[in-house]
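Below is one structure, written out as structure tokens; the observations come after it.
Next comes the structure, spelled out in structure tokens:
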């Protein structure tokens, strides 16, 4: 397997292939799972092409794009040119994978070529392929293989859980061979006329457990490319991009195209079918509450349909009862939805997992912003019970009434931290000491403040409930007063990252302060001080604002949340700077983000390393970042909202 991987994404399906278009059959690399995945399960674990019994050489490796194209030749030498050339193209459809192979003869005489594709499906759950090396018992699991007239079918059963992968070819293979490993080898003996050619098409249909839709494999990679292009054009059409800043326009176009590919199926409160933004590929091609909400907020002025789908999808999964394993409580908005085998059998808690302190207030923020933007009062009325339940959660289980703040506690079976910085050591003091007890994360309080104010507006203008509106406005005002008293670090003129279980300030200087500007929680004087501080060299890398200011013991440029640069984090910061009238600072951050996007093919990754632009003329990649992430894809739209075409 080569070091480079290439990701093909179509809705809830993705494939990761190497430079030759192969899938090697290893369990995974930790940062990039290899294979074809549908609904958290690996439906192809091996897909390897050989020509005349050997792995071909790569003339042109797979490049970027919605389809994977490469050019291969049998191994040869300068004095003995290859007898043929293989042109390979692959694409991912809805629960499907399709490949075309064109073998072109290079000699004036007829040529016989033995072409083979070795195929396997291990049906591994994504959580089995993570880099934490955990193992999961799968008692009673049975795998099957059945040779078909035109291919082979792989099946998997464990109790009531069933799934299968069907591989067919046109023309049918001359033979289907056993390999001794469980894989099967599809073999063709091709007779190539002088300077002639032969073509094969292989199609893979993945049917995960519970799939009831009538699925069809695309005829060819070209048909997939046409469909994806149509979807991308639909997302891009009608958006007014800045002509004076073409780099920002290109980043917006690339981001919208990625959002078109990252749409996954969901269901609304009345069973209606919806398509919502998945968090990101490869590891999070599913509905994550916080991610879908922020993505929809960034895109709201340009693609309000994302919010119109995200809101009912999250309302349909809103918790109605207390469940300790899933961290669910009545009114709470879901953090993560998974469809895989391990979630089905309760071996991981993420089937519907509610370990997020901020998805619930963000749901209310998006609902208010969506209605204000579109005038869609019908959605506000339809979701009124869900909105009131979400407010109820914030006031009751969330801690606003009893503790004065939204709080969370580490979940031993799930996430230690339940704000956006959810890695184990992310909420820490400047010296790296982790916060313990009931944690009060700063950013979540800003979201809560904004949620209370926006819901008060809905209550007054749509629900005709003045009493409820006044109650929420008072709760917001009280929260604002408490926060500035308890969080402001006078010696540093900056808000604390959090309060720990004893009410002590967690004193790391962190980018979360920029989220408080976006929410409007800080008084203007404090907000201006914070905004300017975020642009000082220890925070600002030249490619964006670091999650943690350099120079602190806790800082590390390759830490997930303690020194890296996140595009969506910077998008919120830029919106916040503009809100407080710090327009020069907002433009500085926006230009840094656009420069980073321009250096990476106009696509912003999930996260960048925190190394400074003064010592690294190109942004340094973060090694485990999602290649396509919905919040990062939507971030250029937020930058456009914040600074226009400046």
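In this note's numbering, the protein residues as written are 528 to 1173. Ideal Cβ placement from N, Cα and C applies to all residues, glycine included. Quantities reported herein were computed from a predicted structural model and do not represent experimental measurements.
Beta-carbon separation (whole angstroms), residue i vs residue j, contact threshold 8 Å
i, j, result
"residue 1213", "residue 642", "Residue 1213 lies beyond the stretch modelled for the chain, which goes from 528 to 1173, so this question has no answer here."
"residue 1026", "residue 1013", "6 Å"
"residue 709", "residue 694", "14 Å between Cβ atoms; not a contact."
"residue 828", "residue 617", "No, residue 828 and residue 617 are not in contact; Cβ-Cβ is about 36 Å, not under 8 Å."
"residue 653", "residue 564", "7 Å"
"residue 945", "residue 883", "5 Å"
"residue 645", "residue 758", "In fact, because the Cβ distance is near 33 Å, the residues do not count as touching under 8 Å."
"residue 784", "residue 811", "19 Å between Cβ atoms; not a contact."
Spatially closest choice to residue i from the options, by CA coordinates
i, options, result
"residue 889", "806, 724 and 824", "824"
"residue 920", "960, 860, 866 and 940", "860"
"residue 794", "763, 784, 1129 and 813", "813"
"residue 938", "955, 965 and 1160", "965"
"residue 1056", "1017, 584 and 611", "1017"
"residue 581", "609, 1054 and 952", "609"
"residue 1116", "699, 1132, 1162 and 792", "1162"
"residue 881", "985, 968 and 941", "941"
"residue 680", "734, 665 and 666", "734"
"residue 806", "1155, 573 and 1164", "1155"
"residue 1083", "1096, 1094 and 1066", "1066"
"residue 1079", "1035, 1104 and 874", "1035"
"residue 627", "587, 696 and 573", "696"
"residue 545", "570, 577 and 588", "588"
"residue 982", "1010, 913 and 655", "913"
"residue 1053", "924, 1030, 755 and 1011", "1011"
"residue 1174", "1009, 992, 787 and 967", "The structure shown does not extend to residue 1174, since the chain is modelled only from 528 to 1173, so the question has no answer here."
"residue 925", "537, 815, 971 and 548", "971"
One or two residues paired with residue i in a DSSP bridge
i, result
"residue 1120", "Looking at the DSSP assignment, residue 1120 forms no beta bridge with any residue, so it has no partner."
"residue 640", "717"
"residue 1148", "1135"
"residue 575", "645"
"residue 534", "543"
"residue 693", "680 and 732"
"residue 671", "682"
"residue 935", "966"
"residue 562", "543"
"residue 801", "793"
"residue 1033", "1025"
"residue 615", "597 and 628"
"residue 955", "961"
Rounded separation between residue i and residue j - CA only
i, j, result
"residue 690", "residue 684", "7 Å"
"residue 724", "residue 601", "15 Å"
"residue 902", "residue 1168", "19 Å"
"residue 556", "residue 1098", "Low confidence applies here, because residue 556 scores a pLDDT of 48, under 50, leaving its location unreliable and the question unanswered by this model."
"residue 1145", "residue 640", "45 Å"
"residue 732", "residue 1037", "46 Å"
"residue 692", "residue 698", "19 Å"
"residue 719", "residue 631", "8 Å"
"residue 529", "residue 751", "Only weak support is given to the placement of residue 529: the predicted model assigns it a pLDDT of 42, under 50, and the value that follows is read from those uncertain coordinates. Whole-angstrom Cα-Cα distance: 26 Å."
"residue 1091", "residue 1123", "13 Å"
"residue 622", "residue 539", "8 Å"
"residue 801", "residue 906", "15 Å"
"residue 831", "residue 1109", "27 Å"
"residue 675", "residue 1134", "45 Å"
"residue 897", "residue 789", "21 Å"
"residue 596", "residue 615", "6 Å"
"residue 742", "residue 619", "13 Å"
Beta-carbon proximity of residue i to residue j, cut-off 8 Å
i, j, result
"residue 1119", "residue 1172", "no"
"residue 766", "residue 779", "yes"
"residue 1075", "residue 1058", "no"
"residue 1040", "residue 1022", "yes"
"residue 1136", "residue 1085", "yes"
"residue 1072", "residue 1113", "no"
"residue 955", "residue 1081", "yes"
"residue 839", "residue 847", "no"
"residue 1019", "residue 1048", "no"
"residue 1165", "residue 1125", "no"
"residue 879", "residue 864", "yes"
"residue 817", "residue 886", "yes"
"residue 647", "residue 572", "yes"
"residue 1095", "residue 1159", "yes"
"residue 819", "residue 796", "no"
"residue 728", "residue 713", "no"
"residue 895", "residue 985", "yes"
"residue 599", "residue 547", "yes"
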